[in-house]
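Novice: Numbering (the numbering used here), first residue to last: 577 to 685. Yeah, the Cβ is synthetic: ideal placement off N, Cα and C, and Gly gets one too. Can you keep this structure in mind? I'll have questions shortly.
In structure tokens form, the structure reads like this:
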């Protein structure tokens with residue numbers, strides 16, 4: 577059993593590294609090729625570690641699994657965005673959305 581008292585936590589002081597006043601968290605979703613090809617080299621050059629949320633049935637993950645493993649080995653965090661991610665194929669540059677994941681063709685009650 578864990579008992580947690582929120583007022584007692586309010587008295588605790590939080591410390592960010594290097595006495596920073598706050599932190600910013602940036603994450604990337606959907607395991608896009610552009611994240612591996614453009615964002616990742618820039619992040620590594622600036623020594624910034626980020627979180628990448630992978631869609632596990634994405635063709636990009638399957639085709640570039642070795643690359644995604646290297647992302648984790650470089651110190652970035654990988655998370656599960658979803659197994660099956662419905663998206664609108666009708667938007668620009670969405671050729672990667674498969675027929676069965678096309679949100680434009682799904683019907684909701």
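1. Please identify the residue among 640, 625 and 621 whose C-alpha is closest to the C-alpha of residue 610.
2. Looking only at its chain, what residues have a beta carbon closer than 8 Å to the beta carbon of residue 598, apart from the 5 residues adjacent to it on each side?
3. Does residue 633 come out as helix, strand or coil in the three-state DSSP assignment?
4. Per the DSSP calculation, residue 654 is bridged to which residue(s)?
5. With DSSP collapsed to three states, give me the class of residue 605.
6. Where do the ends of the alpha helix (DSSP H) carrying residue 649 lie?
7. Measure from the alpha carbon of residue 682 to the alpha carbon of each residue in 665, 671 and 672, then state which is nearest.
Specialist: Quick look at the numbers:
1. In the chain shown, counting from the first residue as 1, residue 610 sits at position 34. Residue 640 holds the alpha-carbon nearest to the alpha-carbon of residue 610 among 640, 625 and 621.
2. In the chain shown, the residue the question calls residue 598 occupies position 22. So the list reads 592, once near-sequence residues are dropped.
3. The residue you call residue 633 lines up with position 57 of the chain shown. Coil.
4. Counted from its first residue, the chain shown places residue 654 at position 78. Paired residue(s): 628.
5. Taking the chain shown and counting its residues from 1, the one referred to as residue 605 is at position 29. Strand.
6. Taking the chain shown and counting its residues from 1, one reaches residue 649 at position 73. Judged by DSSP secondary structure, residue 649 falls within the alpha helix (DSSP H) whose first and last residues are 641 to 649.
7. Here the question's residue 682 lines up with position 106 in the chain shown. It is 665 whose Cα lies nearest to the Cα of residue 682.
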